[in-house]
């Protein structure tokens, strides 16, 4: 954890769009700048369903945490790439079900850091912490998380919409393996990831625009590449699907071009 005097304000760029802030804009939030809204609107013009993707990803988080904290009995969550706080964050969903749940959030954006410290509070019985760390350095994440989480007990690792910012697939798989090797049997991995499949072909132009005008750069992956992240894990039903349709009870009529799945470590 960085100290209060080390907020990273010098790292905040208001002249270039940033994913956490644009995502916040697409979700209807106010924690963004003009450049974020401009880029967000351009991307929406190229790929009109991006707002549906953002909302579906958020709803997936709620359903996953509800299942893991409820039916699966998980009491520890490691949320890597949390983004800006919004409604029904991981700790809020988990601690409604299990007040003693412990949650560690990980991000390395200074605006996320300042908001997280102010807003990601815990129940008295549980604990919520924020780690300022880069997803490219999983060892640093695990070392910092050990102050809050007991890595000898099951952990739900949440990596929603974060591996798409690791452009090299082998490196992305290595990050997942590093984290999952550090947690015991009975732990879970929840992932979402954009794809040019599931009707997402039109997103290619929007991603190219993003990579020229915003940060960090992004990549899509195929179903096979996404499945590779779950090597050695048992996929929960219904397996790899559009995140909008993961255990939605049949309520979703719109399929978004974002894979979602949850796996359990044997």
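Numbering (this note's numbering), first residue to last: -16 to 249.
Every residue, glycine too, gets a C-beta built ideally from N, C-alpha and C.
Determine whether the beta carbon atoms of residue 74 and residue 111 lie at a separation below 8 angstroms. Along the chain shown, read from residue 1 onward, the residue named residue 74 stands at position 91. Along the chain shown, read from residue 1 onward, the residue named residue 111 stands at position 128. Yes, the pair counts as a contact, with Cβ atoms nearer than the cut-off.
Could you give the C-beta distance for residue 90 and residue 64, rounded to a whole number, given that I count them as a contact under 8 angstroms? Here residue 90 refers to the residue found at position 107 of the chain shown. Here residue 64 refers to the residue found at position 81 of the chain shown. Confirmed, Cβ separation roughly 6 angstroms.
Terminal residues of the continuous alpha helix (DSSP H) containing residue 50? Working through the chain shown from its first residue, we reach residue 50 at position 67. From DSSP, the alpha helix (DSSP H) with residue 50 extends over 33 to 52.
Rounded C-beta distance between residue 143 and residue 174? I'm assuming under 8 angstroms. Residue numbering aside, residue 143 sits at position 160 when the chain shown is read from its first letter. Residue numbering aside, residue 174 sits at position 191 when the chain shown is read from its first letter. Sure, about 7 angstroms apart at Cβ, within 8 angstroms.
Sorted by chain position, which residues of the same chain lie with C-beta nearer than 7 angstroms to residue 192's C-beta, five sequence neighbours on each side aside? What you label residue 192 is simply residue 209 of the chain shown in a count that begins at 1. Result list for residue 192: 25, 26, 29, in chain order.
Could you tell me whether the Cβ atoms of residue 245 and residue 172 are closer together than 8 angstroms? The count along the chain shown starts at 1 and reaches residue 245 at position 262. The count along the chain shown starts at 1 and reaches residue 172 at position 189. In this structure, residue 172 lies closer than 8 angstroms to residue 245 by Cβ.
Quick one: complete beta strand (DSSP E) runs, 3+ long, within the region 108 to 184? 110 to 115, 139 to 143, 171 to 177
Candidates 124, 42, 4, 98: which alpha carbon is nearest residue 61's? Here residue 61 refers to the residue found at position 78 when the chain shown is read from its first residue. If we check each option's Cα against that of residue 61, 124 comes out closest.
Closest residue to residue 32 among 185, 132, 115 (Cα-Cα distance): Numbered from its first residue, the chain shown carries residue 32 at position 49. Nearest C-alpha to residue 32: 185.
For the alpha helix (DSSP H) that residue 211 lies in, which residues bound it at each end? The residue you call residue 211 lines up with position 228 of the chain shown. Start and end: 206 to 211.
Near residue 104, which residues of its chain fall below 7 angstroms by C-beta distance, leaving aside the five closest residues on each side in sequence? Here the question's residue 104 lines up with position 121 in the chain shown. The residues are 111.
Taking only three categories from DSSP, how would you classify residue 247? Along the chain shown, one-based indexing puts residue 247 at 264. Strand at residue 247.
Using the Cβ count rule (16 or more neighbours within 10 Å means buried), how would you classify residue 177? For this step, residue 177 is matched to residue 194 along the chain shown. The residue is buried, with at least 16 neighbouring Cβ atoms inside 10 Å.
Can we say the region 220 to 233 touches the region 119 to 135, given the rule of at least three CB pairs closer than 8 angstroms? no
Relative to the C-alpha of residue 166, which residue among 57, 77, 37 is closest? For the purposes of this step, residue 166 is identified with residue 183 of the chain shown, where counting begins at 1. The option with the nearest alpha carbon to residue 166 is 57.
Looking at the unbroken alpha helix (DSSP H) that takes in residue 96, where does it start and where does it end? Locating residue 96 in the chain shown gives position 113, counting from the first residue. Looking at the DSSP string, the run of the alpha helix (DSSP H) that includes residue 96 is 93 to 102.
Drop a sphere of 10 angstroms on the beta-carbon of residue 126, count the other beta-carbons inside from all chains shown, and report buried for 16 or more, exposed for fewer. Position 143 of the chain shown, counting from 1, holds the residue named residue 126. It counts as exposed.
In three-state terms, what does DSSP make of residue 76? As a position in the chain shown, residue 76 is number 93, starting the count at 1. In this structure, residue 76 counts as helix in the three-state DSSP scheme.
Starting from residue 22, follow the alpha helix (DSSP H) in both directions and report where the run begins and ends. Within the chain shown, numbered from 1, the residue matching residue 22 stands at position 39. Counting along the chain, the alpha helix (DSSP H) containing residue 22 begins and ends at 17 to 29.
Selection from 53, 93, 52 that minimises the alpha carbon distance to residue 66: As a working note, residue 66 is residue 83 in the chain shown. Of 53, 93, 52, the residue nearest in Cα terms is 93.
Using DSSP with H/G/I as helix, E/B as strand and the rest coil, what is residue 191? Mapped onto the chain shown, residue 191 falls at position 208. Residue 191: helix per DSSP, three-state reduction.
For residue 55, which option in 10, 132, 139, 205 has the closest C-alpha, if you only look at C-alpha atoms? Residue numbering aside, residue 55 sits at position 72 when the chain shown is read from its first letter. Minimum Cα distance to residue 55 is reached at 139.
Got a sec, what are the start and stop residues for the beta strand (DSSP E) residue 85 sits in? The residue given as residue 85 occupies position 102 in the chain shown. Segment 85 to 90, the beta strand (DSSP E) holding residue 85.
Please classify residue 1 as buried or exposed, where buried requires at least 16 other C-beta atoms within 10 Å of its C-beta. In the chain shown, counting from the first residue as 1, residue 1 sits at position 18. Buried, by the Cβ-count rule.
Give the single residue among 230, 229, 241, 232 whose Cα lies nearest to the Cα of residue 202. In the chain shown, residue 202 corresponds to position 219, counting from 1. The shortest C-alpha separation from residue 202 is found at 241.
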